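Heads up, the thing below is written out as structure tokens.
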Amino acid sequence: MDSEEAETVEESDMIKSVIRCPNNMVVVFDDDDEQVPEYQGKYEEVRERVLRDAPADTLFGLWFDYETDVRTVLREDW
């Protein structure tokens with residue numbers, strides 16, 4: 000495993016939850032509920048990286064407005 004692969008594995012272990020917001024921005028949190036900036040940004044720009052690196056137990060959510068709760072969705076529907 001080269002250093003780039005090791006970095007990806009290390010970063011992917013940090014992803015615990017991923018939320019897509021109404022403005023199409025993505026917010027990512029780790030096990031300590033801290034934001035993970037390297038995976039955040041516009042949905043179209045971070046989607047593939049998030050899906051590639053997120054562990055199987057990652058929670059994916061959609062937040063359709065800023066008032067109601069985040070709706071949990073399947074990884075495939077995110």
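52 is the number that numbering that gives the first Met the number 0 gives to position 53 of the sequence shown; each next residue is one higher, with no gaps.
C-beta: ideal position from N, C-alpha, C; glycine also.
Predicted, not measured: the structure shown is a model, and the values here were computed from it.
Spatial distance of residue i from residue j (CA atoms)
i     : j     : result
Tyr65 : Met13 : 25 Å
Val72 : Thr57 : 11 Å
Leu61 : Gln34 : 17 Å
Cys20 : Pro36 : 15 Å
Met24 : Leu50 : 15 Å
Phe59 : Arg74 : 6 Å
Coarse secondary structure for residue i, derived from DSSP in three states
i     : result
Leu50 : helix
Val25 : strand
Val45 : helix
Glu37 : helix
Glu75 : helix
Short CB-CB distance (under 8 Å) between residue i and chain B
i     : result
Thr57 : Included in the structure is just one protein chain, with no chain B present.
Run of the beta strand (DSSP E) containing residue i, from where it starts to where it stops
i     : result
Ile14 : Per DSSP, Ile14 belongs to no beta strand (DSSP E) and is neither H nor E.
Phe59 : Leu58 to Leu61
Val72 : Arg70 to Val72
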